[in-house]
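Asks: Could you have a look at this structure, given as structure tokens, before my questions?
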Amino acid sequence: MAIDIGAQLRKGIVEFCILALLRREATYGWKLSEELVERGLIASIGTLYPILGRLRAQGLVILSDQTSESGRPRKYYGLTPEGIRQLEEFTAQWAPFATTVSDLVGKGTIE
Amino acid sequence: MNPVTSNRAVRYLERLTAALADAPSDLREDVVSGVGEELAGLDEVSADARILELGDPALIASEALRGLPASATPPSRGRSGAYLSLTVALLVVGGYVLPGIGWIAALVLVGGSAVWTRREKTIAIAASVAVAVLGLALLVAFRGPELGVLALVCLLAVPFVGNVVIGIYLSLKWRAITV
Chain A
1237 MAIDIGAQLR KGIVEFCILA LLRREATYGW KLSEELVERG LIASIGTLYP
1287 ILGRLRAQGL VILSDQTSES GRPRKYYGLT PEGIRQLEEF TAQWAPFATT
1337 VSDLVGKGTI E
Chain B
7 MNPVTSNRAV RYLERLTAAL ADAPSDLRED VVSGVGEELA GLDEVSADAR
57 ILELGDPALI ASEALRGLPA SATPPSRGRS GAYLSLTVAL LVVGGYVLPG
107 IGWIAALVLV GGSAVWTRRE KTIAIAASVA VAVLGLALLV AFRGPELGVL
157 ALVCLLAVPF VGNVVIGIYL SLKWRAITV
């Protein structure tokens, strides 16, 4: 069976991308979904909600009722202090990890 | 949330809800309310454009289901028609047939079903407790030799009528998901 390499790479990474987007500002599901779909990190808004559910269950993300810029009431997702801490931990580990992987596989040549 | 007024949007949300029948109720609620926010307050033209962006509700549902961990409990509990019938029967007459126990069993069945959302369960259980308290309050208010019969009628009839209404509410919500 062929392995979907893109899907494998996204596993475990998308959660932190969502936390990173929420660090910029609290936002609602559709806006979050638009940005993630555009960047090719999720397939559709359907992919987003199970992840948000897990992040909420882990206490990394919190929901609140707010009014959007268009004046419509919406559910906004924001980071909790634990979410910020987890994201900082991930950020600290990501750069050396990415460098190591690039060193190993990123040359683009096969001998 | 503003109401969803466009007919196309209402039908779209119904299709999405039905496509998520196998999803845990909390996830279903999250997806449907999240998509509903996008369709709320739109006229038919704007709703059509947003529906086009959202895509096939079956695809959204399949993506949502695929995102569940493999260890997620299959949400089959409380999905059968027999479960619904038993729940509603116990809710309406259980308290009279098996005083106290039958009614409590009904509330446990409501709380244990994977079909109704957390909000729907909270509404049903809180309303059932409220009509029981109301029945008891009327019993206390009307106690005495002259009003004794009236008090007894209140104690029996108020929870009965209230629980019939709650049973209808639960049945309608159940059918929206499973039919």
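One line per chain: the protein sequences are A and B, in this order. Sequential numbering from 1237 applies to the first sequence in this note's numbering. Sequential numbering from 7 applies to the second sequence in this note's numbering. No residue lacks a Cβ here, since even glycine has one placed at the ideal position from N, Cα and C.
Within 8 Å (strictly less), CB to CB, does Ile-1320/A reach chain B?
Replies: Counting from 1 along the first sequence, the entry for residue 1320/A is found at position 84. By the rule that beta-carbons nearer than 8 Å mark a contact, Ile-1320/A does not touch chain B.
Asks: Using the Cβ count rule (16 or more neighbours within 10 Å means buried), how would you classify Arg-34/B?
Replies: In the second sequence, the residue the question calls residue 34/B occupies position 28. With 16 or more other Cβ atoms within 10 Å, it is buried.
Asks: Taking only beta-carbon positions, decide if Thr-79/B is within less than 8 Å of chain A.
Replies: For the purposes of this step, residue 79/B is taken as residue 73 along the second sequence, with counting starting at 1. Confidence at Thr-79/B is low in this model, with a pLDDT of 48, below 50, so its placement is unreliable and no value can be given for it.
Asks: For Arg-1259/A versus Leu-1299/A, is the C-beta spacing smaller than 8 Å?
Replies: The residue labelled residue 1259/A in the question sits at position 23 within the first sequence. The residue labelled residue 1299/A in the question sits at position 63 within the first sequence. Cβ distance not < 8 Å, so Arg-1259/A and Leu-1299/A don't count as in contact.
Asks: If you reduce the DSSP assignment to three classes, tell me which class Thr-1303/A lands in.
Replies: Taking the first residue of the first sequence as 1, we reach residue 1303/A at position 67. Thr-1303/A: strand per DSSP, three-state reduction.
Asks: Which chain A residues are close to Ser-39/B, counting only those with a beta carbon under 8 Å from its beta carbon?
Replies: Numbered from 1 along the second sequence, position 33 holds the residue referred to as residue 39/B. Neighbours of Ser-39/B on chain A, chain order: Lys-1311.
Asks: For Gly-47/B and Ser-1306/A, I'd like the C-alpha separation in whole angstroms.
Replies: On the second sequence, position 41 is the one that residue 47/B refers to. On the first sequence, position 70 is the one that residue 1306/A refers to. Straight-line Cα distance between these residues: approximately 11 Å.
Asks: Would you grab the beta carbon distance between Leu-1277/A and Arg-1246/A for me? Rounded to a whole angstrom, and I think it's under 8 Å.
Replies: Taking the first sequence and counting its residues from 1, the one referred to as residue 1277/A is at position 41. Taking the first sequence and counting its residues from 1, the one referred to as residue 1246/A is at position 10. Going by Cβ atoms, the distance from Leu-1277/A to Arg-1246/A rounds to 6 Å, so yes, they are a contact pair.
Asks: Between the alpha carbons of Ser-1304/A and Arg-1310/A, how many angstroms are there, rounded?
Replies: For the purposes of this step, residue 1304/A is taken as residue 68 along the first sequence, with counting starting at 1. For the purposes of this step, residue 1310/A is taken as residue 74 along the first sequence, with counting starting at 1. Answer to the nearest angstrom: the Cα atoms are 6 Å apart.
Asks: Can you give the Cα-Cα distance for Val-225/B and Arg-1308/A, rounded to whole angstroms?
Replies: Residue 225/B is absent from the structure shown; chain B starts at 7 and stops at 185.
Asks: Rounded to the nearest angstrom, what separates Thr-11/B and Asp-49/B at their Cα positions?
Replies: If you number the second sequence from 1, residue 11/B lands on position 5. If you number the second sequence from 1, residue 49/B lands on position 43. The alpha-carbon atoms of Thr-11/B and Asp-49/B are separated by roughly 7 Å.
Asks: What does Ile-1281/A reach in chain B if we use C-beta pairs closer than 9 Å?
Replies: Along the first sequence, read from residue 1 onward, the residue named residue 1281/A stands at position 45. Within chain B, the residues near Ile-1281/A are Val-37, Gly-40, Val-41, Glu-44, Leu-60, Gly-61, Ile-66, Glu-69 and Ala-70.
Asks: Buried or exposed for Asp-36/B, please, with buried defined as at least 16 other CB atoms from any protein chain shown within 10 angstroms of its CB.
Replies: The sequence position of residue 36/B within the second sequence is 30, counting from 1. Sixteen is the threshold: when 16 or more other Cβ atoms of the shown chains lie within 10 Å of the Cβ of Asp-36/B, as they do, the residue is buried.
Asks: I want to see whether chain A comes within less than 8 Å of Leu-33/B, judged by CB atoms only; does it?
Replies: Your numbering for residue 33/B matches position 27 in the second sequence. Taking Cβ atoms only, chain A reaches closer than 8 Å to Leu-33/B, which makes this a yes.
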